[in-house]
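Peer 1: I am attaching a structure below and will ask some questions about it afterwards.
There are 2 protein chains.
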Amino acid sequence: MGYNNKTVLVTGGLGFIGSNLAIRLVELGARVIVVDSLRPGCGANSYNLAPVADRVELIPRDIGEAQEFREVLAGCDVVFNLAGEVSHIHSMMAPERDLEINTAAHLRFLEVLRRERPGVRVVYAGTRQVYGVPRYLPVDEQHPVEPVDYNGVHKYATSLYHLMLSRMGALDAVVLRLTNVYGPRMALRIPCQGVLSTFLRRALLGQDLEVYDGGQQLRDPVYVDDVVEAFLRVGAAASLPARTYNVAGPEALSLRQIADTIAEAAGVRVITQPFPAERKRIDIGSYVGDCQRLRRDFDWAPRVCFADGIRASLAWYREHLAHYLEADRPPSCAMPEHQGRKRKLVLVPAQ
Amino acid sequence: MGYNNKTVLVTGGLGFIGSNLAIRLVELGARVIVVDSLRPGCGANSYNLAPVADRVELIPRDIGEAQEFREVLAGCDVVFNLAGEVSHIHSMMAPERDLEINTAAHLRFLEVLRRERPGVRVVYAGTRQVYGVPRYLPVDEQHPVEPVDYNGVHKYATSLYHLMLSRMGALDAVVLRLTNVYGPRMALRIPCQGVLSTFLRRALLGQDLEVYDGGQQLRDPVYVDDVVEAFLRVGAAASLPARTYNVAGPEALSLRQIADTIAEAAGVRVITQPFPAERKRIDIGSYVGDCQRLRRDFDWAPRVCFADGIRASLAWYREHLAHYLEADRPPSCAMPEHQGRKRKLVLVPAQ
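Chains A and B supply the protein sequences, listed in that same order. Position one of the first sequence corresponds to residue 481 (the working numbering), numbered consecutively onward. Position one of the second sequence corresponds to residue 481 (the working numbering), numbered consecutively onward.
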């Protein structure tokens, strides 16, 4: 795919999608540099990079400190920008924290990047959350942007940074708007990371899955390997016919169907509960993405059906359970604490 | 119009549009409270409120310090939110400053406001700059949002805050997207406040007006009294049929025609110059706004034609020249200095 011997930066590379991407890039022969703040609540898990621990350079810094590693930026061929906080609930509890992580830090990062490496290809991990409550299904890239929470506003502002800087030639960026992603290396320990994280955690702990009000809302979950493939294709593309692409899943499934599939694979039950008020307020109803643009321009399509992806995920987590779950510390939706952003980093070596 | 005896907050009330609005609100019998940071470069001029100096309460604070005046917010009937920095050039020179002023401070303000005065009517001063390079003319509210500078991104993010909080019932906000506004009380001394500020300053100083590359780009300048009327109508409306409204001018004029009109009224000449690179990069070409939505929902239309508005503006400035121009200190596009945000405030009493 053209990554052999290329120098590739992955921000948020200790997180769920970033680590899967970094591992694949190593396999493709790239020199991979990971930047990760290890900020509590943002999904960093040093075990995520265990298979490539000795083949990845790690900069344990916030991307907002880019000035401190600017010489690294100057040497990059491609930048995958996945740093951020994904929790919609957390963003409503601590909006300024979300602004700092999802917007201000990116502004500082991009300003250094455009100076040190003008015109570099950047792939930003956006979110379908920016669309808000869908006005029609499936949602294509022309759908109005009406975020229902601070996280959506901040992620969208940062996608506008990327697009604006590209229009003026300072960067060559593309924004992927990701639907619900699942698979190995999700942060199951951190609360409020979305329904799939919650379902997988509970299933692995042998707990029943809860759907709200019958779980009739649709989602189109996509397996992380498919998402990684989308990042790789647009990252290596000779040209970008468009600047924004939806990354959607292969099936439209109700939350009830999603829960049933996971419950069946894991041997737990599904129960229905009333919708908690603070979640209802930022719920977007049904969402199904339209990824025709990505298919047309890059011949990309999601290949892993949900039942297969769930089986693979459960099998993977069962092998690595201690690194992803602490049965004795059930997560609550309290905000992660801000205990020092530069915790000592110990990469777990490959086994 | 329903403002008599109402308590109305105007943020950025020492600025150009905010002060014109505050003066009109006093005339309508409102109890007017102005919040203004007096931050250098943001257009505050204490002389702007001279006609109502003894009838306006002033809080000389940044809106981001809302926690410090939260009890004032609790008592407000309507909030006109005009605080901000308008310079596109400055935003590219100091993006983090622009993020702080145009987004972070608003986030803090709105979070306090929604707690202290849930559901309050808020009218936010947005900008047509969010549309970027128009894909069609006239530009209506459905036009894609593609800002070409940080100022556009940050103002847009803040408009999304207002809309998002309104959807969840925390506020009852409306966003006005303003085209180029002109008239008495513009900040003529501050550089990079837009073409109309520059033209008026030069005309009043007897200097020739410069247009770039012949000045064929269209604009639809709107007189400040018309804009104030739009704020007043949506601020007092029993319901808001839409949440975003363009405020456009009565005529589509080329920059050359705009310059000619001002030059003729002021007795100076118009000369054409090559486009400076740093301005060309964030130039949006022609813009003309479509304000049918505001006309339909609130029976608003711009009433002052450009030639009349310019004559009135020049006459007004000639009467108050010393408060708006320092002939011996020609402005440059250097960034305004950050010397202490809480300068001593002396309101000039009415004459």
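Just so it is clear, CB atoms sit at the ideal spot from N, CA and C, and this is done for glycine as well. Bear in mind that the values here come from a model prediction, so they are computed numbers and not experimental data.
Using a beta-carbon distance cut-off of less than 9 Å, what residues from the stretch 660 to 694 of chain A approach chain B?
Peer 2: For the stretch 660 to 694 of chain A, which is checked against every Cβ of chain B, not one residue is closer than 9 Å.
Peer 1: If you reduce the DSSP assignment to three classes, tell me which class T724/A lands in.
Peer 2: Reading the first sequence from its first residue, position 244 is the one you call residue 724/A. T724/A falls in the strand class under three-state DSSP.
Peer 1: What are the residues of the stretch 625 to 637 of chain B that lie near chain A, defined by any Cβ-Cβ distance shorter than 9 Å?
Peer 2: V625, E626, P627, V628, D629, Y630, G632, V633, H634, Y636 and A637
Peer 1: Given a cut-off of 7 Å on the beta-carbon distance, is the pair P624/A and Y767/A in contact?
Peer 2: Reading the first sequence from its first residue, position 144 is the one you call residue 624/A. Reading the first sequence from its first residue, position 287 is the one you call residue 767/A. No, the pair does not count as a contact, with Cβ atoms beyond the cut-off.
Peer 1: Go ahead and pull the three-state DSSP assignment for A606/B.
Peer 2: On the second sequence, position 126 is the one that residue 606/B refers to. Checking the sequence, you will find Gly at residue 606/B rather than Ala. In this structure, G606/B counts as strand in the three-state DSSP scheme.
Peer 1: Assuming E591/A contacts P730/B (C-beta within less than 8 Å), just tell me the rounded distance between them.
Peer 2: Taking the first sequence and counting its residues from 1, the one referred to as residue 591/A is at position 111. Taking the second sequence and counting its residues from 1, the one referred to as residue 730/B is at position 250. About 40 Å separates the two Cβ atoms, so there is no contact after all.
Peer 1: Is the distance from the Cβ of R594/A to the Cβ of L501/A below 7 Å?
Peer 2: Taking the first residue of the first sequence as 1, we reach residue 594/A at position 114. Taking the first residue of the first sequence as 1, we reach residue 501/A at position 21. With contacts defined as CB atoms closer than 7 Å, R594/A and L501/A fail to qualify as a contacting pair.
Peer 1: Note down, in chain order, every chain A residue with its Cβ under 8 Å from the Cβ of P575/B.
Peer 2: Translated into positions along the second sequence, residue 575/B becomes position 95. Neighbours of P575/B on chain A, chain order: L587 and E591.
Peer 1: Is L651/B helix, strand or coil by DSSP?
Peer 2: Here residue 651/B refers to the residue found at position 171 when the second sequence is read from its first residue. The answer is coil: DSSP assigns L651/B none of H, G, I, E or B.
Peer 1: What does a CB cutoff of less than 8 Å around G820/A pick up in its chain, not counting 5 residues either side in sequence?
Peer 2: Taking the first sequence and counting its residues from 1, one reaches residue 820/A at position 340. Note that G820/A scores a pLDDT of 37, beneath 50, so its modelled location is shaky; the value from the coordinates is reported in the next line. Result list for G820/A: empty, nothing under 8 Å.
Peer 1: Within a Cβ cutoff of 6 Å, which residues of the same chain sit near I762/B, ignoring the five residues on either side of it in sequence?
Peer 2: Reading the second sequence from its first residue, position 282 is the one you call residue 762/B. Here the set comprises H568, V628 and D629.
Peer 1: As a quick exercise: from L680/A, A728/A, D705/A and L684/A, pick the residue whose alpha carbon is nearest that of R699/A.
Peer 2: Reading the first sequence from its first residue, position 219 is the one you call residue 699/A. Here the closest residue by C-alpha is A728/A.
Peer 1: Check whether the stretch 794 to 808 of chain B touches the stretch 748 to 762 of chain B, counting contact only when three or more Cβ pairs, one atom from each stretch, lie closer than 8 Å.
Peer 2: no
Peer 1: Helix, strand or coil for G769/B, going by three-state DSSP, please let me know.
Peer 2: Counting from one through the second sequence, the residue named residue 769/B turns up at place 289. It is a strand residue.
Peer 1: Counting only Cβ-Cβ distances shorter than 9 Å, please list the residues of the stretch 744 to 764 of chain A near chain B, keeping chain order.
Peer 2: Flagged, chain order: R761 and I762.
Peer 1: Does the count of Cβ pairs from the stretch 528 to 538 of chain A and the stretch 597 to 611 of chain A closer than 8 Å reach three?
Peer 2: The stretch 528 to 538 of chain A vs the stretch 597 to 611 of chain A: no contact.
Peer 1: In the DSSP assignment, find the alpha helix (DSSP H) that holds L553/B and state where it starts and stops.
Peer 2: The residue you call residue 553/B lines up with position 73 of the second sequence. Residues R550 to A554.
Peer 1: Please tell me whether M481/B has its Cβ less than 7 Å away from any Cβ of chain A.
Peer 2: Along the second sequence, read from residue 1 onward, the residue named residue 481/B stands at position 1. M481/B does not count as touching chain A.
Peer 1: Span of the beta strand (DSSP E) holding I513/A?
Peer 2: As a working note, residue 513/A is residue 33 in the first sequence. Taken as a continuous stretch (DSSP letters only), the beta strand (DSSP E) holding I513/A covers R511 to V515.
Peer 1: Compute the Euclidean distance between the alpha carbons of R791/A and A745/A, then round it to the nearest angstrom.
Peer 2: Here the question's residue 791/A lines up with position 311 in the first sequence. Here the question's residue 745/A lines up with position 265 in the first sequence. Their Cα atoms are separated by approximately 6 Å.
Peer 1: Report the rounded CA-to-CA distance for V488/A versus E758/B, giving the unit in angstroms.
Peer 2: Taking the first sequence and counting its residues from 1, one reaches residue 488/A at position 8. Taking the second sequence and counting its residues from 1, one reaches residue 758/B at position 278. Their backbone Cα atoms lie some 31 Å apart in a straight line.
Peer 1: Are the stretch 778 to 788 of chain A and the stretch 691 to 698 of chain A touching by the rule of at least three beta carbon pairs closer than 8 Å?
Peer 2: no
Peer 1: When the cut-off is 7 Å and only beta carbons count, does H818/B lie next to chain A?
Peer 2: Position 338 of the second sequence holds residue 818/B. Low local confidence applies: a pLDDT of 42 at H818/B is under 50, so the model's placement there is unreliable, with the coordinate-based value given in what follows. Not closer than 7 Å to any Cβ of chain A, the Cβ of H818/B fails to qualify, so no.
Peer 1: At the level of alpha carbons, what is the spacing between P829/A and N485/A?
Peer 2: Working through the first sequence from its first residue, we reach residue 829/A at position 349. Working through the first sequence from its first residue, we reach residue 485/A at position 5. Because P829/A carries a pLDDT of 44, less than 50, the predicted location of this residue cannot be relied on, and the following value inherits that uncertainty. If I take the Cα positions, the gap works out to 23 Å.
Peer 1: Would you mind telling me which residues of chain A sit closer than 9 Å to L720/B, beta carbon to beta carbon, in chain order?
Peer 2: The residue labelled residue 720/B in the question sits at position 240 within the second sequence. By Cβ distance, chain A contributes nothing, its closest Cβ being about 15 Å from L720/B, past 9 Å.
Peer 1: Considering only the beta carbon of each residue, do K635/B and T659/B sit closer than 7 Å?
Peer 2: As a working mapping, residue 635/B is identified with position 155 in the second sequence. As a working mapping, residue 659/B is identified with position 179 in the second sequence. No.
Peer 1: If you draw a straight line from the alpha carbon of E507/A to that of I497/A, how long is it in whole angstroms?
Peer 2: Translated into positions along the first sequence, residue 507/A becomes position 27. Translated into positions along the first sequence, residue 497/A becomes position 17. Whole-angstrom Cα-Cα distance: 16 Å.
Peer 1: Using a C-beta cutoff of 7 Å, does M648/B count as contacting chain A?
Peer 2: By one-based count along the second sequence, residue 648/B stands at place 168. Among the CB atoms of chain A, one or more fall inside 7 Å of the CB of M648/B.
Peer 1: I need the boundaries of the beta strand (DSSP E) containing V750/A, first residue and last residue.
Peer 2: As a position in the first sequence, residue 750/A is number 270, starting the count at 1. Looking at the DSSP string, the run of the beta strand (DSSP E) that includes V750/A is V750 to Q753.
Peer 1: Nearest chain B C-beta to L640/A closer than 7 Å, yes or no?
Peer 2: Start at 1 with the first residue of the first sequence, and residue 640/A comes out as number 160. True, the Cβ-Cβ gap to chain B drops below 7 Å.
Peer 1: Less than 8 Å between the CB atoms is what I'm expecting for A732/A and F679/A, so what's the real figure, rounded?
Peer 2: Taking the first residue of the first sequence as position 1, residue 732/A is located at position 252. Taking the first residue of the first sequence as position 1, residue 679/A is located at position 199. Actually they are not in contact, since the Cβ atoms of A732/A and F679/A sit about 17 Å apart, beyond 8 Å.
Peer 1: Measuring alpha carbon to alpha carbon, tell me which of G663/A, Y662/A, S646/A and A683/A ends up nearest D655/A.
Peer 2: Along the first sequence, read from residue 1 onward, the residue named residue 655/A stands at position 175. Residue identity check: residue 655/A is Val in the sequence provided, not Asp. With distances taken between Cα atoms, V655/A lies closest to S646/A.
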